[in-house]
DNA sequence: CCATAACCGAGACGGTACGTCATGTCTTCCA
DNA sequence: TGGAAGACATGACGTACCGTCTCGGTTATGG
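Protein chains in written order, with this note's numbering: chain Y, 1 to 193; chain F, 1001 to 1193; chain X, 2001 to 2193; chain L, 3001 to 3193.
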């Protein structure tokens, strides 16, 4: 197995950058190890030596890009307002050409590679989910939300956005983001009942 | 352009069946036109003549499989109970090996092929969505649900399930289905507020 | 088996013309039955019905083209002069783009199809050879040639030309034609001997 | 362009051997790059990397086979006797199944590929022609032949054999070889003249 | 003078091979 | 020894033709 202490950092960054860019330029279908190596000015073996799959490269590329991206969701004291802010930002990002294609590429790999999905969940999704749950928890403490399972709450709020993006099953707009937040907060049940 | 009146129906069915089965057996990554043609006992050209892409074949395979599948969602008068029944069934199907892999394959293709996504939406998603909205509409009439945007309601209910399935971001169980229904119906907001 | 009395003469001519032209335009390698049928505005089956092979079509095309071509070689009384005239004409024809490629195509087919070679020999080569032998016989009668095997004589005179054309083993010029005639007539042996 | 220093010699030999054998077994029409690759246990790309065409492979196969084949034509002092010896050997070789088909295949390719014909001429034909001219030159020095153009002499002697082989226009026997030699040496012209 | 059998155009079909591209492994050579 | 370079066996791609096979739509006799 390779000795990572001898690893060439410049090559590593060149590969990840090339992978991310190519995913955005040519799309998932035409994203190839050969292409990444050529763009990065690197031998193919250098990729195969350090990553087990195309998806793993892509994942690391995301990791590098999102490095230092962090911290907390906004807190104004009004959970509805804050969730709308966040979801609108998410929608904007998903509509951004620069992120759309690479994210689709990564999602595709995850879809068929449970191991990659697990790693992704651990390294990228969980931290983000924790941020989300953290904000929701504060809202519970503020008496704005009832004491539900926060994981389910996250899924109910962010799930609809993700699905629309993936399947293009409807327009992915800021209005949609707002309505999702309102609906998730108020529930579907008639208040009379 | 091919003359569809001369089309060989037997070959068509053999191709769609082979595509569905292979998607289930070898997964998306190893699903090839050559493999489908070989399994179906058909020349490759016969596939290329009638379908523009691997995704289109897969889509037609789903169409054939879901032919006559239909009608209405259950109606007992209790929307919560009925939604739980439906979502539990959905979860069961998504966990069924026979459907999991082919669906992932189709979703992958849709993810990168907007035209295919559009067709899918029109031919398969819309009808199902209409069934769902129809059941929800009855619940509104029954005074069980408030008068929300039904498309958003559908996304809020079914979105979390779909996302967990796709990304394997958490366990996809019947309990999860139940909690999603309860949360979506009651909303996250504290009743005190 | 097909009833040739019902045969469509127009189609037949269109096929042969198309075959000859295409052989000249695209060369042997890209000459296809499909191409001939398309150019002739004819169904493929009409070709397969009447000819056993591509070579047979080509052969018939030559037969049609050389119809009525004939009679006798020139006779001025001087065999050397006459042979030079004939060989120069042959060289000119072989250098003519319009005949070069189709002839190469036909020769290729004959090379690998003994049956076709036999038919060609009978129908086209023998008549031409008879004309050649006829002229040589007259030269024998005129006391200009000794009484050799005329078939061998024909091969010795025309063989060198044919080989140079086929293999491009040297320049195929009128001068070459002249020298071949002179050499074949005089022989290689030193007159002293 | 490929770096020939990295070339795998074992693959090269396997390809050339396979090409020669297959040409002899299945004939020109069914000789395919795929078939050669399969027989040689080699990827198709390895053939496409190093040779521009099927004909070039075949040519190299001949080159390999005729390696070290050489030297000089027999010299007993009697040119007629020696030429008969050589032409009889040529006839025998052309009638040998092991050489007939591969040679036809190579000739076919040369016929349609001037570049290949040029290479063949340079690398295989010229050396053989030089041997032939060398023997004829000695005969001239011995006073057995007159001082004719030796290239034409070679064509007059060997041309008839080649043409009969290619076109099967007559029986290719040792008797024919003898008569061709006699006729070429004595000439056709009547000795009286 | 129609009926019926053939030819005809068109082109779908199961195949084979094409020439290209990417895979993941291996080897060579350089720093 | 890590890395750039790239040859290698493998296998899928999408295309071109093969030779066979229907499908209607004309001919063109022969009963």
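Backbone N, C-alpha and C fix where the C-beta goes; we use that ideal spot for every residue, glycine too. For clarity, every value in this text was computed on a predicted model and none was experimentally measured.
- If you draw a straight line from the Cα of residue 1066(F) to the Cα of residue 163(Y), it comes to about 22 Å.
- Taking the Cα positions, residue 3062(L) is about 14 Å away from residue 3127(L).
- In the three-state scheme derived from DSSP, where H, G and I count as helix and E and B as strand, residue 2189(X) is classed as strand.
- For the stretch 122–139 of chain Y, residues whose beta-carbon sits nearer than 7 Å to a beta-carbon of chain F comprise 125.
- Scanning 2129(X), 2046(X), 2072(X) for the CA closest to the CA of residue 3169(L) turns up 2129(X).
- Within the same chain, 1074, 1076 come within 6 Å of residue 1082(F) by CB-CB distance, once the 5 residues on both sides are set aside.
- CA-CA distance, residue 60(Y) to residue 35(Y), rounds to 17 Å.
- Ranking 3023(L), 3182(L), 3183(L), 3139(L) by CA distance to the CA of residue 3098(L) puts 3023(L) first.
- The Cβ atoms of residue 1031(F) and residue 1105(F) sit closer than 8 Å to each other.
- Per the DSSP secondary-structure output, residue 3145(L) pairs in a beta bridge with 2189(X).
- Contact between the stretch 1147–1154 of chain F and the stretch 176–187 of chain Y is present, with at least three C-beta pairs closer than 8 Å.
- The Cβ atoms of residue 1113(F) and residue 1055(F) sit closer than 8 Å to each other.
- In terms of Cα proximity to residue 89(Y), the closest of 158(Y), 47(Y), 134(Y), 102(Y) is 158(Y).
- It is roughly 30 Å from the alpha-carbon of residue 2080(X) to the alpha-carbon of residue 2101(X).
- Here the C-alpha atom of residue 3011(L) lies approximately 11 Å from the C-alpha atom of residue 3044(L).
- For residue 42(Y), the CB contacts under 7 Å within the same chain, skipping 5 residues up- and downstream, are 11, 14, 15 in chain order.
- Contact residues of the stretch 1060–1074 of chain F toward chain Y are absent (C-beta to C-beta distance below 7 Å).
- Per DSSP, reduced to three states, the secondary structure at residue 30(Y) is coil, with no helix or strand assignment.
- Within the stretch 173–190 of chain Y, contact with chain F at the beta-carbon level (separation under 7 Å) is assigned to 179, 180, 183, 184, 185, 186, 187, 188, 189, 190.
- Per DSSP, the continuous alpha helix (DSSP H) segment holding residue 1109(F) begins and ends at 1097–1112.
- In terms of beta-carbon proximity, residue 2006(X) stays away from the interface with chain L, with every pair separated by 8 Å or more.
- For residue 3154(L), the closest C-alpha among the options 3019(L), 3008(L), 3086(L) is that of 3086(L).
- Your pair residue 1021(F) and residue 1058(F) does not check out as a contact, with CB atoms roughly 11 Å apart and the cut at 8 Å.
- Linking residue 119(Y) to residue 167(Y) through their CA atoms gives a straight-line distance of about 23 Å.
- Close CB contacts of residue 64(Y) within its chain, under the 6 Å cut and outside five residues either way in sequence, are with 16 (chain order).
- Put simply, the CB of residue 2096(X) is far from chain L, with every gap to its CB atoms at 8 Å or more.
- Using a Cβ-Cβ cut-off of 8 Å, residue 3152(L) is close to 2160, 2176, 2179, 2180, 2183 of chain X, given in chain order.
- Taking the Cβ atoms as the reference, residue 124(Y) lies roughly 17 Å from residue 53(Y), outside the contact range of under 8 Å.
- By the neighbour-count criterion, in which a residue is buried when 16 or more other Cβ atoms sit within 10 angstroms of its Cβ, residue 3135(L) is buried.
- Using a CB distance below 9 Å, the part of the stretch 1025–1054 of chain F facing chain Y consists of 1027, 1028, 1029, ordered along the chain.
- Pairing residue 2091(X) with residue 3156(L) gives a Cβ-Cβ distance that is not under 8 Å.
- With a threshold of 8 Å between beta carbons, residue 3086(L) makes no contact with chain X.
- When the five nearest sequence neighbours on each side are left out, the beta carbons in the same chain lying within less than 8 Å of the beta carbon of residue 2049(X) are those of 2002, in order along the chain.
- Under the 10 Å beta carbon count, residue 38(Y) is surrounded by fewer than 16 other beta carbons and is classified as exposed.
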